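Enquirer: Encoded as structure tokens, here's the structure I'll be asking about.
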Amino acid sequence: MMDMKSNGRPANKWAVTSDVESIKWDPHNEHLFVASLDDGTVQGYDVRAASMDSDSRSKACFTLHAHDEACCSVSYSPSAPNLLATGSKDKMVKLWDLSNNQPSCVASRNPKAGAVFSVAFSEDSPFSLAIGGSKGKLKVWDTLSEDSVFQKYGKLSNRKMGPKPEA
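Sequence positions in the sequence shown follow our numbering and run 148 to 314.
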């Protein structure tokens, strides 16, 4: 993190276990961000816990062993607090509940897009997840089509509870 008031000098440092692939701020909490890493993990950080000591590095709030290969992309749901999507070179997309810094997998899918390099939740349709992969394909996953997602987050959508939405 850079302190732009001090000529761009580093203000805080965090320890990471591997090369950083992607970083996203939590849209529901201004103090939190996650980094996806080349070793398949996702680490969560709280800027309030950062070390200002230039010789030390702050530790992650949590480390999530998300994938078997590089975790290339992360995206927070704009309407469901603590819902994070991850995409990986292992060809999988996973949805995680990050509540209380105790991540748990809510759903996973192989979208048949090859290695997944990019995932992004829609701002206008907040349970639609765009996926881009190595096969030159773009896919959209209606994440509410998963029973586990619908049960946990369906009340946050404008859909009526009842029959499961079509996949």
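Note that beta-carbon positions come from the ideal geometry of N, C-alpha and C, so glycine has one too.
Note that the structure is predicted; figures quoted are calculated from it, not measured.
Classify Lys238 as buried or exposed, calling it buried when 16 or more other Cβ atoms lie within 10 Å of its own Cβ.
Expert: Burial call: buried.
Enquirer: Counting only runs that start and end within the segment 163-247, where is the beta strand (DSSP E) found for 3 or more residues in a row?
Expert: Listed in chain order, the complete beta strand (DSSP E) runs (minimum 3 residues) inside the segment 163-247 are 167-172, 179-184, 188-193, 209-212, 218-223, 230-235 and 240-244.
Enquirer: Could you check if Lys284 is buried or exposed, using at least 16 other CB atoms within 10 Å of its CB as the buried criterion?
Expert: Answer is exposed; the Cβ neighbour count stays below 16.
Enquirer: Sort out for me which residues DSSP pairs Val266 with in a bridge.
Expert: The partner list for Val266 (beta bridge, DSSP) reads Ile278.
Enquirer: Using CA atoms only, rank isn't needed, just tell me which of Leu179, Ser251 and His212 is closest to Tyr192.
Expert: Among Leu179, Ser251 and His212, the Cα nearest to that of Tyr192 is on Leu179.
Enquirer: Would you call Ser222 buried or exposed, if buried means 16 or more other Cβ atoms sit within 10 Å of its Cβ?
Expert: Ser222 comes out buried.
Enquirer: Would you give the residue range spanned by the alpha helix (DSSP H) that Asp294 belongs to?
Expert: From DSSP, the alpha helix (DSSP H) with Asp294 extends over Asp294 to Tyr300.
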